[in-house]
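**Q** Quick note: the sequence shown uses UniProt numbering, first residue 1, plus one each step.
For every residue, glycine included, the Cβ atom is placed at its ideal position computed from N, Cα and C.
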Amino acid sequence: MSSTPEKARFCTDRILFRDQQRLQRTVDVDGRLHAISILHKLWITGSTLHVRFLGGTAAQHKIAREQAGWWTEHANIHFVFDDAPDAQIRIAFDSTDGAWSYVGTDNVTIPPDEPTMNLGFLDGGTAAHEFGHALGLAHEHQNPDGGIRWNEPVVLKDLSGPPNNWSPETIRHNVLKKYTADQVKGTKFDPKSIMLYFFPARWTLDGVGTEANEVLSEVDKAYIGSADAYPRTIKPPELQATELLVDAAKRTPASIGEAGEEDLYKFTVATAGTYVANTRGPTDLVMDLFGPEDPTKLVASDDDSGVGLNARIATALDPGTYYLRVRHFDEKKGAGTYTMKVRSA
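This is the structure in structure tokens:
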């Protein structure tokens with residue numbers, strides 16, 4: 001990747017409209033950037049993600065496979081390049097559309113005939129960067145705790161011209177705006193992270209720029225396999241999940257013992273119909289439903305549709321095995337007790 005602002009190429013992490021509304025304008029704060037992942041967009045640890053190529057050459061496919069493996073070598077998550085018709089990750093190679101990817105589980109909300117990633121160029125570690133987004137990682141310069149003081153007129157001028165040709169709103173979305181604090185979690189700033197793209201010193205008011213990072217850093221490797229992302233100590237979803245009996249007489253007691261903990265459940269639907277899964281108790285919880293049979297296929301999510309701060313999902317389900325992931329709304333500090341139940345409506 002070129003180190004000059006006139007020729008530098010940047011990717012976009014495509015996020016859904018509801019999340020764009022939560023991005024905040026850059027503010028000047030003390031502190032440093034962190035390597036970050038987006039809360040609620042990580043896949044269930046141990047999942048297998050299928051990848052389909054939409055065109056491209058054998059050489060391009062080879063680079064994509066190799067650089068995806070840079071992540072899975074250190075994380076408890078897997079890519080299978082089998083061109084499955086229902087693949088969660090679908091890669092185009094349109095040279096006129098730049099490099100971009102949807103983030104984490106947002107990929108499964110995209111129509112199956114559309115790409116979820118584009119590798120319009122493959123400079124350096126571009127493919128690895130985009131697979132980082134597909135796994136739920138965000139651009140480091142958009143950390144809410146970051147201390148970057150952008151020279152906005154210069155950034156807007158440079159990125160509005162070739163090769164990016166971005167509109168002012170696109171530039172603000174991808175560079176100048178930040179995630180809100182409750183959207184991300186991360187580690188100490190890593191200037192060598194592959195998720196931190198090059199930007200020149202003249203883009204900042206204090207004259208500090210970055211270098212083009214073309215391989216995973218040691219912090220990248222440690223982070224993706226940490227408890228904040230995909231730890232190897234966790235079993236595959238079908239083995240780690242606690243079984244819930246539909247229409248059980250009693251609710252299942254549980255707790256989020258420490259900040260960042262996630263509880264995984266599974267239940268079996270024998271007859272098609274509407275089913276309700278809910279939590280009860282004093283704890284502010286978020287719940288995700290996946291399936292059938294596939295712990296990567298997101299069916300629904302909920303924060304507090306239930307009583308008080310409790311989560312509730314009511315939806316029509318076909319026969320099969322489903323997975324429920326429960327976590328505290330505040331993944332940085334939250335813990336507490338709750339009960340679980342799944343019933344037919």
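Could you pull out every unbroken beta strand (DSSP E) segment of at least 3 residues lying fully inside the region 229-287, listed in chain order?
**A** List check, beta strand (DSSP E) in window: 252-256, 262-269, 273-280.
**Q** Is it buried or exposed, Tyr102, if we count other Cβ atoms within 10 angstroms and call 16 or more buried?
**A** When all chains shown are included, Tyr102 counts as buried.
**Q** Please classify Thr242: is it buried, with 16 or more other beta-carbons within 10 angstroms of its beta-carbon, or exposed?
**A** Exposed, since its Cβ has fewer than 16 Cβ neighbours within 10 Å.
**Q** Let me make sure I understand the geometry here. Which of Ser95, Leu135, Glu66 has the alpha-carbon closest to that of Phe42?
**A** Contrary to the premise, residue 42 reads as Leu rather than Phe in this sequence. Of the candidates Ser95, Leu135, Glu66, the one whose C-alpha sits nearest the C-alpha of Leu42 is Leu135.
**Q** Taking 8 Å as the threshold (C-beta atoms), are Met340 and Leu244 in contact?
**A** It is a contact, given that the beta carbons lie within the stated cut-off.
**Q** Any idea what DSSP makes of Arg202, helix, strand or coil?
**A** Of the three classes helix, strand and coil, the one that applies to Arg202 here is helix, per DSSP.
**Q** For Pro200 and Lys177, I'd like the C-alpha separation in whole angstroms.
**A** So the alpha carbons of these two residues sit roughly 18 Å apart.
**Q** Once DSSP output is grouped into helix, strand and coil, what is the label at Ser344?
**A** Correct three-state label for Ser344: strand.
**Q** Name, in chain order, the residues that DSSP records as bridge partners for Val51.
**A** According to DSSP, which records beta bridges pairwise, Val51 is partnered with Phe81, Ile89.
**Q** By the three-class DSSP mapping on this structure, what secondary structure does Thr180 have?
**A** With a pLDDT of only 48 at Thr180, under 50, the local geometry of the prediction cannot be trusted, and the value read off the model is given with reservation. Looking at Thr180 - three-state DSSP - the assignment turns out to be coil, as it is neither helix nor strand.
**Q** Going by DSSP in three states, Pro144 sits in which element: helix, strand or coil?
**A** Residue confidence for Pro144 is low, a pLDDT of 47 falling below 50, so the modelled location carries little weight; the figure read from the coordinates is stated next. Looking at Pro144 - three-state DSSP - the assignment turns out to be coil, as it is neither helix nor strand.
**Q** Within its chain, find whatever has a CB closer than 7 Å to the CB of Glu152; leave out the 5 residues flanking it on each side and keep chain order.
**A** Leu176.
**Q** In this structure, how does DSSP classify Tyr338 when only helix, strand and coil are distinguished?
**A** Three-state result, Tyr338: strand.
**Q** For Gly334 and His61, what's the separation of their Cα atoms in angstroms?
**A** One C-alpha to the other measures close to 42 Å.
**Q** Please work out which residues of its chain come closer than 8 Å, Cβ to Cβ, to Leu205, disregarding the five sequence neighbours upstream and downstream, and give them in chain order.
**A** Here the set comprises Arg149, Trp150, Asn151.
**Q** Consult DSSP for Trp150 and reduce its assignment to one of helix, strand or coil.
**A** Residue state, collapsed to three classes: strand.
**Q** Using 10 angstroms around the beta-carbon of Thr337, count the other beta-carbons present and answer buried if the total reaches 16, otherwise exposed.
**A** Answer is exposed; the Cβ neighbour count stays below 16.
**Q** Pull up the DSSP beta-bridge partners for Leu298, would you.
**A** Beta-bridge pairing links Leu298 to Phe290.
**Q** Alpha carbon to alpha carbon, how far is Ile63 from Asn76?
**A** Looking at the two C-alpha atoms, the distance is approximately 21 Å.
**Q** Would you decide whether Ala229 is buried or exposed? Buried here means 16 or more other CB atoms lie within 10 Å of its CB.
**A** By the neighbour-count rule (16 or more Cβ atoms within 10 Å), Ala229 is buried.
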